[in-house]
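Chains as they are written, first to last, in the working numbering: chain A, 16 to 309; chain B, 45 to 269.
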């Protein structure tokens, strides 16, 4: 099932999972999304960011960033602390609106639709562009199963069969099903850290987003749990567009297709991951990835 | 900050060892040729003996490189570590070729000289020039000089062919010199191999400084040309 788009729209949105849809809540445009202008032979941009600047009060955190995030690929965002990585990520699903002093300029289009358009509900944007945080944050009073379906239930889905089906599907996609299928009613906090993080990924997937944003999803995990998250990221890219912020250069090298290096609020370099890590074009990128600063 | 200092120190150590190895390999070739030309039996034996030092340096460079790789270096650091491993392998083989030349020089020094005019000295100078050129390009961070080394390998190939043909002709006409001529053919072949290894080193130097892999492409010009 799909809460965010009609079947007609699904056809027009390349990154969307093809599923039957119950009555959908409003989305930010009533007409179907136009097909992306990019020719089929070239990568489709899931997110087209143009001249993005973000300010917190008088402080400019992002400076005129333009970047196309390829659909069904993993894009890693790297850079030293305070370079604007997380700000960039949060601007992709309008999370800044939760901060009173934040202001943005520029244009961000999700499959060619302006996500900051006048009639666009931020809640719907956040449903289409899901987010997983650095620290796993399952709802502590809920069971494992309830955590997965909370988004659907908040959207009014009551049908138990639908909820059960979506629970299994999301947990399978998050590579957690086999570990928790016999204890869906156990508290979410009974899971290990790595499992909790995969539960949060399952929760994000349950509402069937088109894009998944991950802010340092494995930084609090041990190497084995990290490797499971990275495997999962590689697997999910078949169906989703993924943007991951990471401090771990090897993680970016292992898990991503494209890498963007941010420094002092600017996008310094963006290119294929293999190029950024073996032959960066910019000296600042070279200095950062070899650990000479940052 | 501490991590950077440590990795920089180890990268410097890696470069130092590689330079030490390069200088031993160059010396080995020089001395093997001197043993040949001056018919110096003792010197030929010493070259063979010194090859152990080169072999040991290859092991040490690999060991250090593996330790560095475990720390997951990136960009130019990553290129340096992988290139160091490949250059050291080529230098080890240069050392082996020098040993081969020394062995043949040792045998030849015990027999009367062959009366044949072949251009082994020119070939030896050229092969040594290529080796020196490739190693200087590494030290001087000069990929253009490295690129200049590569096409000159063809000259050595041509000389090897010419020397081999001359010696074959001489053997047919003077069957009593066959054994000595075969030794000279082996030496010529070793010089040709040394030039090949020098070319390999030059290609690695281009990769190190320009991140362009020019192996098996026939391209030696500036990137993009």
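A virtual CB, placed ideally from N, CA and C, is assigned to each residue, including glycine. Predicted, not measured: the structure shown is a model, and the values here were computed from it.
Rounded to whole angstroms, the gap between the alpha carbons of residue 106 of chain A and residue 218 of chain A is 21 Å. When DSSP states are grouped into helix, strand and coil, residue 159 of chain B belongs to the coil group. For residue 190 of chain B, the enclosing alpha helix (DSSP H) starts and ends at 187 to 193.
In the three-state DSSP reduction, residue 274 of chain A falls in the strand class (E or B). By DSSP's assignment, residue 287 of chain A forms a beta bridge with A:273.
Residue pairing from DSSP places residue 119 of chain A in a beta bridge opposite A:69. When A:253, A:206, A:183, A:236 are compared, the shortest CA-CA separation from residue 227 of chain A is found for A:253. Around the beta carbon of residue 223 of chain A, 16 or more other beta carbons lie within 10 angstroms, which makes this residue buried.
In this structure the region 115 to 126 of chain B lies against the region 244 to 260 of chain B, because at least three pairs of beta carbons, one per stretch, are closer than 8 Å. For residue 178 of chain B, the enclosing alpha helix (DSSP H) starts and ends at 164 to 183.
Close CB contacts of residue 240 of chain A within its chain, under the 6 Å cut and outside five residues either way in sequence, are with 209 (chain order). By the neighbour-count criterion, in which a residue is buried when 16 or more other Cβ atoms sit within 10 angstroms of its Cβ, residue 143 of chain B is buried. Contact between residue 215 of chain A and residue 174 of chain A does not hold, since the beta-carbon distance rounds to 24 Å and is not under 8 Å.
Contact annotation: residue 270 of chain A and residue 299 of chain A have beta-carbon atoms that are not nearer than 8 Å. Note that the C-beta distance between residue 150 of chain B and residue 88 of chain B is below 8 Å.
Taken in chain order, the whole alpha helix (DSSP H) runs of length 4 or more contained in the region 123 to 200 of chain A are 137 to 143, 159 to 169, 175 to 188, 192 to 195.
Secondary structure at residue 75 of chain A: strand, using DSSP grouped into helix, strand and coil. In the three-state scheme derived from DSSP, where H, G and I count as helix and E and B as strand, residue 258 of chain B is classed as coil.
With 16 or more other CB atoms across the displayed protein chains lying within 10 angstroms of its CB, residue 244 of chain B is buried. Residue nearest to residue 141 of chain B within the set B:51, B:61, B:76 is B:76 (criterion: CA-CA distance). Nearest in C-alpha terms to residue 292 of chain A, of all of B:116, B:159, B:105, B:158, is B:116. Distance from the CA atom of residue 178 of chain B to the CA atom of residue 233 of chain B, rounded to whole angstroms, is 20 Å. DSSP lists A:158 as the bridge partner or partners of residue 202 of chain A. For residue 208 of chain B, the enclosing alpha helix (DSSP H) covers residues 197 to 217. A residue is called buried when at least 16 other Cβ atoms come within 10 angstroms of its Cβ; residue 171 of chain A does not meet this threshold and is exposed. In the three-state DSSP reduction, residue 239 of chain B falls in the helix class (H, G or I). Taking 8 Å as the threshold, the shortest C-beta distance from residue 185 of chain B to chain A does not fall below it. Annotated three-state conformation of residue 261 of chain A is coil, per DSSP. Between residue 272 of chain A and residue 287 of chain A, the alpha-carbon positions lie close to 6 Å from each other. In the three-state reduction of the DSSP assignment, residue 234 of chain B falls in the helix class. Residue 252 of chain B has a beta carbon lying at 8 Å or more from every beta carbon in chain A.
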